[in-house]
Amino acid sequence: MRQARGFSIVFALFLVIVLGAIGAAAVTLSKTEQAGGVKSLLSAKVYLGAKAGLDWGIQQAVAANNTALCGPAAGGAGTPSTFTITQAGLANVSVTVSCTRWLFGSGNFVFFLSSVATIGTLGNLDYAERRLEATVSNIP
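In terms of our numbering, the sequence shown opens at residue 768 and continues consecutively.
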C-alpha cells in the first residue's frame with residue numbers, strides 16, 4: 768500500500784508539471800497570434816494609406832497640374848506633400864507624396880510619383896511603413 772501511495776504522489780506531481788507547461792505554451796502561442804494579428808492590421812492600414820496618397824498625387828499631377836507637388840519644369844521635383852489621414856479606418860496614418868515631372872516634346876509628360884505611409888513610432892512594435900510608386904504618362 769505504501770508503494771502505491773508514493774507512486775500516486777509522483778504521478779500527481781508529474782501531471783501538475785505537464786499541465787502547467789501546456790498552459791504556459793498556450794499563453795505564449797496566444798500572445799504571438801495576437802501580435803501577428805495586430806501587425807497584419809497595421810500593414811493593411813499603411814498599404815491603403817500609401818495607395819490613397821498615390822491616387823491623390825496622380826490626381827494632383829494630371830488633373831490639377833500641381834506645379835508645387837511635381838515641380839514647374841522638366842526634371843523638376845516639387846515639394847513633397849505630407850498629410851495625416853483622420854477617417855476612422857485609417858486614422859493616424861501619415862502619408863508623404865513626392866513627384867518628379869519630365870516633359871517630352873510638345874505636351875508629352877511623365878510623372879514619377881512616390882507615396883510613403885507610416886503609422887506608430889519608429890522603433891516600437893506598433894510601427895509600420897509602406898512605399899508605393901507609380902509612373903503616369905500621356906505618351907502613346
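Quick reminder that beta carbons are idealized off the backbone N, C-alpha and C, glycines included.
Query: Given 8 Å, three or more beta-carbon pairs between the stretch 863-876 and the stretch 792-803; Result: no
Query: Paired residues, beta bridge with residue 905 - DSSP; Result: Beta-bridge pairing links residue 905 to no other residue.
Query: Residue closest to residue 860, alpha-carbon to alpha-carbon, out of 814, 839, 782, 805; Result: 814
Query: Residue 864 and residue 820 closer than 7 Å at C-beta; Result: yes
Query: Residue 717 - partner residues in DSSP beta bridges; Result: Lying outside 768 to 907, the shown extent of the chain, residue 717 is not represented and no answer is given.
Query: Option nearest residue 901 by Cα separation, candidates 823, 855, 846; Result: 823
Query: Of the listed residues 876, 778, 857, 811, nearest to residue 838 (C-alpha basis); Result: 876
Query: Residue 844 (DSSP reduced to helix, strand or coil); Result: strand
Query: Contact under 7 Å by Cβ, residue 809 with residue 895; Result: yes
Query: Exposed unless 16 or more other CB atoms sit within 10 angstroms - verdict on residue 897; Result: buried
Query: Run of the alpha helix (DSSP H) containing residue 835, from where it starts to where it stops; Result: 834-837
Query: Supposed close pair residue 857, residue 845 - CB separation, criterion 8 Å; Result: Incorrect: roughly 24 Å between the Cβ atoms, too far for contact.
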